[in-house]
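K.L.:
With positions in the sequence shown counted from 1, the corresponding number in the working numbering is that position plus 11.
The beta-carbon is built from N, C-alpha and C at its ideal position, and this holds for glycine as well.
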Amino acid sequence: MSFVPDLLKGKRAIVTGGATGIGSHIVRKLGQLGANVGIISRRQESLQTAVKSFAADDNLEVHYQVGDVRKETVIQAAVASLADKMGGLDIMVCNAAGNFICPTENLSANGWRTVIDIDLNGTFHSCKAALPYLKEATDGGRIISISTSQANTGWPTAAHAGAAKAGIQNLMQSLAVEWGPYGIRANWITPGPIEGTEGVERLITAQGRTDEVLEKIPLGHFGNGEDIANAVVYLASTTGRYVSGTELAVDGAARWGRI
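#1: Restricting to Cα atoms, I'd like to know which of Val15, Ala67, Gln161 and Ile179 is closest to Gly45.
#2: At a cut of 8 Å, does the segment 167-178 reach the segment 72-88 through at least three beta carbon pairs?
#3: Which residue from Gly210, Ala89, Asp130 and Asp101 puts its Cα closest to that of His171?
#4: Just the C-alpha distance for Arg266 and Asn163, rounded to the nearest angstrom, thanks.
#5: Flag this pair as yes or no: are the beta carbons of Tyr245 and Gly251 separated by less than 8 Å?
#6: Under three-state DSSP, which class holds His232?
#7: Let me check one thing: in DSSP terms, what residues is Pro202 bridge-paired to?
#8: List the DSSP bridge partners of Tyr75.
#9: Reducing DSSP to helix, strand and coil, say where Ser156 ends up.
#10: Using only CA atoms, which one of Val126, Ala107, Lys146 and Pro167 lies nearest to Glu116?
#11: Residue range of the alpha helix (DSSP H) that Thr249 falls in?
#12: Arg153 to Thr125, Cα distance in whole Å?
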């Protein structure tokens, strides 16, 4: 999809989990459209590799900060550091996530807690850390969280992730109301299966479910990272200025195929 050049010029954005997968596509798209972008991830090596790739492939200077979204004070410091480097913050993309396949009867308390902590608690910590800066955004702050279609339908063998993502969606609705008076919009995107991501590789391909899942997607194919990045741009730019507390599904109607 083509957008107006420099659509996001002057905007400052942070993407958690922005070094790989869907997050890296979001970073590239925001940067290509003029935004100043920072990324947060737990692994310094992944961050450094990603930053070099952004510079080499897209001529983008992307800031980075090591940070674990599960740790409140750590993510506060990481967001503060990036916001200071960029001169503020307009767009917070909560993308960091974790998941694994496990029947619920075999799911340990630690396994449940780990995914809830990364996905749901991590999103909460990221939003709280971003709030002081988003309040100062001249055109209104944006929070965009990445969820999943299965948050609306249940996720057998990944109940921990389904519950966490459903919690994220409810959190976005609450923040849209509470933080709307600050000019902050809070929305979420629900991707379907996105090719080339760790999620599809581990949760679908490695399970031998590729043909089964494709048959249940009405459009007949997996999405790609740019599909999600385009949706982020819509919500982050002036096109989404009156959209808050709602879902943007980018799944090829997979939810109705009940994958």
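P.N.:
The short version:
#1: Val15
#2: no
#3: Asp130
#4: 8 Å
#5: yes
#6: coil
#7: Val261
#8: Ile50
#9: strand
#10: Pro167
#11: Counting along the chain, Thr249 falls outside any alpha helix (DSSP H), and DSSP gives it neither H nor E.
#12: 27 Å
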